[in-house]
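In our numbering, the protein residues as written are 130 to 261.
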């Protein structure tokens, strides 16, 4: 990643640390994989308690990054594939404790390993029905 991106993530980490109830904030997607193009959005996922205000978090994210090209996902409510991608590609922006990411990673990857074959069979069935 460019120094600019790393600087932005440092500023973001400091900014979001004040959010009550925030347990984890991850960067995932193309920017985390280091294959972003000019104009790529920022994919961020979070885990938080009910007391955290997602709108206030989004405002701080947009302000710290200097762009509104942000997809902010509640990882507790996200689908299995998004959770898996966030676990696989994720870079920790903020973690309330040392094990927050490890717990999320284990849960997301374990579920995906169990569910992926079933999901793929479902996709195959749908595609078979769509074929002439």
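Ideal Cβ placement from N, Cα and C applies to all residues, glycine included.
If you're wondering where the values come from, they're calculated on a predicted model, not measured in any experiment.
Can you give the Cα-Cα distance for residue i and residue j, rounded to whole angstroms?
i: residue 235; j: residue 172; result: 20 Å
i: residue 216; j: residue 245; result: 15 Å
i: residue 155; j: residue 255; result: 33 Å
i: residue 229; j: residue 260; result: 44 Å
i: residue 209; j: residue 150; result: 23 Å
i: residue 157; j: residue 224; result: 15 Å
i: residue 139; j: residue 232; result: 23 Å
DSSP three-state label for residue i, please.
i: residue 245; result: helix
i: residue 179; result: coil
i: residue 154; result: strand
i: residue 218; result: helix
i: residue 187; result: helix
Do residue j and residue i have their beta-carbon atoms positioned less than 8 Å apart in this structure?
i: residue 218; j: residue 162; result: yes
i: residue 191; j: residue 170; result: no
i: residue 159; j: residue 193; result: no
i: residue 204; j: residue 212; result: yes
i: residue 264; j: residue 141; result: With the chain running from 130 to 261 in the structure shown, residue 264 is simply not present.
i: residue 201; j: residue 148; result: no
Using the beta-carbon count (16 or more within 10 Å), is residue i buried or exposed?
i: residue 188; result: exposed
i: residue 174; result: buried
Could you check whether the segment 236-256 touches the segment 175-188, counting it as contact only if at least three pairs of C-beta atoms, one from each stretch, sit closer than 8 Å? no
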